[in-house]
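Numbering (the numbering used here), first residue to last: 143 to 306. Where is the CB? At the ideal position from N, CA and C, for every residue including glycine. Nothing here was measured: the structure is a model prediction, and the numbers come from that model.
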Amino acid sequence: MAKVKYYYDTKTLNYQRIEKTPLDRVKNMIIYLGASLFSGVVIAILLIQFLNSPNEKRLIQEKSDLISQYDILKQNLNEIDLVLQDMQDRDDNIYRVILEADPIPSSIRKAGFGGVNRYKHLENMSNADLIIETSKQIDVISKQLYIQSKSFDDVIDLAKKNKE
Numbered sequence: 143m144a145k146v147k148y149y150y151d152t153k154t155l156n157y158q159r160i161e162k163t164p165l166d167r168v169k170n171m172i173i174y175l176g177a178s179l180f181s182g183v184v185i186a187i188l189l190i191q192f193l194n195s196p197n198e199k200r201l202i203q204e205k206s207d208l209i210s211q212y213d214i215l216k217q218n219l220n221e222i223d224l225v226l227q228d229m230q231d232r233d234d235n236i237y238r239v240i241l242e243a244d245p246i247p248s249s250i251r252k253a254g255f256g257g258v259n260r261y262k263h264l265e266n267m268s269n270a271d272l273i274i275e276t277s278k279q280i281d282v283i284s285k286q287l288y289i290q291s292k293s294f295d296d297v298i299d300l301a302k303k304n305k306e
């Protein structure tokens, strides 16, 4: 229950009770609701800015996992590239020397892809640099593996001819 308020009337020298009009009550209610609404909006904005929703947390974790997987994939590609270089070295310096064949020129082994931007569709993605770099490395290794496979086919044919 609200406190009863009084004021001192100097004409009658008595305390008079302050009666609140309906307009005063509406004003007080509007002020209270406005302050509550403002406080609620400020708190909601702060919570949205500084706390992540469960969906955002899940997406952040998925992004982190994907970046980790791409890093592992790049590491595996680097290892595959080392093995491929070793195979190319053995092809040029052992097999072709034994069979007295000319090694494959590096311009053929390291041939490029031309002026077409194959990765334009990946440029709009988040972490596009990582994805494009990995895709380029996969394409280069695939092409080098194809060339090395053809080289081994030639070495096998040469070995069969020398055997006869």
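Contact annotation: the region 297 to 304 touches the region 234 to 241, with at least three C-beta pairs closer than 8 Å. Shown here for R159: same chain residues with a beta carbon closer than 8 Å to its own, the five before and five after excluded, namely V146, K147, Y148 in chain order.
In terms of Cβ geometry, D233 and F294 form a close pair [threshold 8 Å]. Taking a contact as a CB-CB distance under 8 Å, the pair L219 and I280 counts as one, their CB atoms being some 7 Å apart. The C-alpha of K278 is placed about 20 Å away from the C-alpha of Q230. Between the alpha carbons of R167 and I190 lies a distance of about 34 Å. The three-state reading of DSSP puts D244 in coil, since its state is none of H, G, I, E or B. The Cβ-Cβ distance between I236 and I289 does not fall below 8 Å. For Y149, there is no enclosing alpha helix (DSSP H); the enclosing beta strand (DSSP E) has its first and last residue at 148 to 151. Residue nearest to D271 within the set L165, K216, K169 is K216 (criterion: CA-CA distance). Beta-bridge annotation (DSSP): R260 is not paired with any residue.
A direct Cα-Cα distance of roughly 36 Å separates S195 from N170.
Ranked by Cα distance from Q286, the options M267, D244, V225, E306 are led by V225. Between N269 and I202, the CB-CB gap reaches or exceeds 8 Å. Every unbroken stretch of the beta strand (DSSP E) spanning 3 or more residues and falling wholly within the region 156 to 208 is given here in chain order: 156 to 159.
In the three-state scheme derived from DSSP, where H, G and I count as helix and E and B as strand, M267 is classed as coil.
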